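A.B. asks: Sharing a structure, written as structure tokens. Questions coming.
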Amino acid sequence: MGERVCRYCQHSFQPSKFQLAQAVCSDPDCQRRRRNDYHRRKIATDPVYQQVCQDSVRKWRAAHPGYWAQLREQNPARAERNRRDGRVGGRSRRAAISRRAASKSSAV
Ligand SMILES: [Zn+2]
Numbered sequence: 052m053g054e055r056v057c058r059y060c061q062h063s064f065q066p067s068k069f070q071l072a073q074a075v076c077s078d079p080d081c082q083r084r085r086r087n088d089y090h091r092r093k094i095a096t097d098p099v100y101q102q103v104c105q106d107s108v109r110k111w112r113a114a115h116p117g118y119w120a121q122l123r124e125q126n127p128a129r130a131e132r133n134r135r136d137g138r139v140g141g142r143s144r145r146a147a148i149s150r151r152a153a154s155k156s157s158a159v
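Residues in the sequence shown are numbered consecutively from 52, following the working numbering.
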């Protein structure tokens, strides 16, 4: 008794007695998705949380000066690819994908 169905993987699981409202199983993938969803919703609805997250990114950058420059130095090919493809998820990325698909079909 007391079994529940995970919101993400749809598998049934036994909720923890310490987390009576638990809606997600203990699978690491499901827990990661739960945390991501929580973080996204929290950022959209809680200006204080949003501020804290932005501050922590800024603090991390301040504590690791030159991190991105160093990364580019270590991965010149990757930096070059990022420059060429433009911002991830934008129009240019979709255009790059359709270009790739077009070249693939013409090669056959
Ligand atoms: Zn699950």
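Even for Gly, the Cβ is constructed at its ideal location relative to N, Cα and C. Keep in mind that this is a model prediction, so the values were computed, not measured.
With hydrogens ignored, establish whether the beta-carbon of D88 is closer than 7 Å to any heavy atom of ligand 1.
C.D. replies: No, Cβ of D88 sits at least 7 Å from all heavy atoms of ligand 1.
A.B. asks: Could you tell me whether any non-hydrogen atom of ligand 1 is closer than 7 Å to the CB of V75?
C.D. replies: Yes; taking the cut-off as 7 Å, the Cβ of V75 has a heavy atom of ligand 1 nearer than that.
A.B. asks: Name the DSSP bridge partner or partners of S63?
C.D. replies: DSSP, once it has assigned bridges, lists V56 as partnering S63.
A.B. asks: Mark V108 as exposed unless 16 or more other C-beta atoms lie within 10 angstroms of its C-beta, in which case mark it buried.
C.D. replies: Exposed is the call here.
A.B. asks: Where does S77 sit, in a helix, a strand or coil, going by DSSP?
C.D. replies: In the structure shown, S77 sits in coil (DSSP, three-state: anything other than H, G, I, E or B).
A.B. asks: Taking Cβ positions, are R55 and F64 nearer each other than 8 Å?
C.D. replies: It is a contact, given that the beta carbons lie within the stated cut-off.
A.B. asks: Please classify V99 as buried or exposed, where buried requires at least 16 other C-beta atoms within 10 Å of its C-beta.
C.D. replies: Exposed: under 16 other Cβ atoms inside 10 Å.
A.B. asks: If you draw a straight line from the alpha carbon of A120 to that of Q73, how long is it in whole angstroms?
C.D. replies: Each residue's alpha carbon lies about 43 Å from the other.
A.B. asks: Do the CB positions of C57 and V75 come within less than 8 Å of each other?
C.D. replies: In contact: C57 and V75 (Cβ atoms closer than 8 Å).
A.B. asks: To the nearest angstrom, how far is the alpha carbon of R84 from that of Y59?
C.D. replies: Between R84 and Y59, the C-alpha separation is close to 8 Å.
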